[in-house]
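Colleague:
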Amino acid sequence: MLSRHLGIVHVSSGELLRNHIRDRTQLGVLVEGYVGRGELVPDDLVIRVVWEAVTAAVDHGGFILDGFPRTLEQAKRAYELAKPAGITADYVLHLAVPDDAVRERLAARAVEGRADDASADVIERRIELYHRDTRPLLEFYRDRGILLDIEAAHPPEEVTSAILDALGVRR
Ligand code: AMP
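For the sequence shown, counting from 1, position 114 maps to 114 in our numbering; every step adds exactly one.
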């Protein structure tokens, strides 16, 4: 929805990884186990696929990066890569959703066929890693002054509106 409203490319690290797994590429074979267990894919591999997509998107007016970075190390390395290329993040959106709502959403989404949504254990592991590895990023981006907190336990259309308001996008 956001990429449609803003006219910029949606780059989803998870989707890129799932495409590699589906296509049985060399990288897909390497990452399949991690994604299936709900573990984070090693930084080198995820940075490689994301960087390829981001550099392609830059030539098309910008991008919204979804699911990346997920660790402080990824954030720092992405910054070091992007800075010399003149690529910067204007905003970081924190979509705040209570864990129980996340559990419900993922269980409901399992009908769409994502294997990592179909197992309660894999969902729990992803939630655990979010708290351990990803939440510290909030302070990192808050300190840089680009973090926008969005209350996201609402239907998608409402969350999209809240984000566009926070970005100051006129509709
Ligand atoms: P997502 O589609 O964002 O829910 O991601 C699905 C899965 O892909 C995650 O559970 C991880 O296994 C992997 N993944 C996606 N993005 C990243 C990332 N930035 N770092 C490490 N692993 C990732």
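Note that the Cβ used here is the ideal one computed from N, Cα and C, for glycine as well. Keep in mind the model is a prediction, meaning the values are calculated, not measured.
For Glu39, does the three-state DSSP call read helix, strand or coil?
Modeller: When DSSP states are grouped into helix, strand and coil, Glu39 belongs to the coil group.
Colleague: Give a single yes or no on whether Ser161 has its beta carbon closer than 6 angstroms to a heavy atom of the ligand AMP.
Modeller: no
Colleague: Mind checking which residues open and close the alpha helix (DSSP H) that includes Ala162?
Modeller: Pro156 to Leu167
Colleague: According to DSSP, is Val9 helix, strand or coil?
Modeller: If DSSP states are grouped into helix, strand and coil, Val9 belongs with the strands.
Colleague: What does the Cβ neighbour count give for Arg70, buried or exposed, with the cut at 16 atoms within 10 Å?
Modeller: buried
Colleague: Thinking C-beta only, is Ser3 closer than 7 angstroms to Val50?
Modeller: The answer is no: Cβ separation not under 7 angstroms.
Colleague: In terms of alpha-carbon separation, which member of Gly113, Ala85 and Val159 lies closest to Val97?
Modeller: Of the candidates Gly113, Ala85 and Val159, the residue whose Cα lies closest to the Cα of Val97 is Val159.
Colleague: Is the beta carbon of Phe68 within less than 6 angstroms of some heavy atom of the ligand AMP?
Modeller: Yes, the beta carbon of Phe68 sits closer than 6 angstroms to at least one heavy atom of the ligand AMP.
Colleague: Report the residue from Glu157, Leu40 and Val31 whose alpha carbon sits nearest the alpha carbon of Ile127.
Modeller: Residue Leu40 is the option with its Cα nearest to Ile127.
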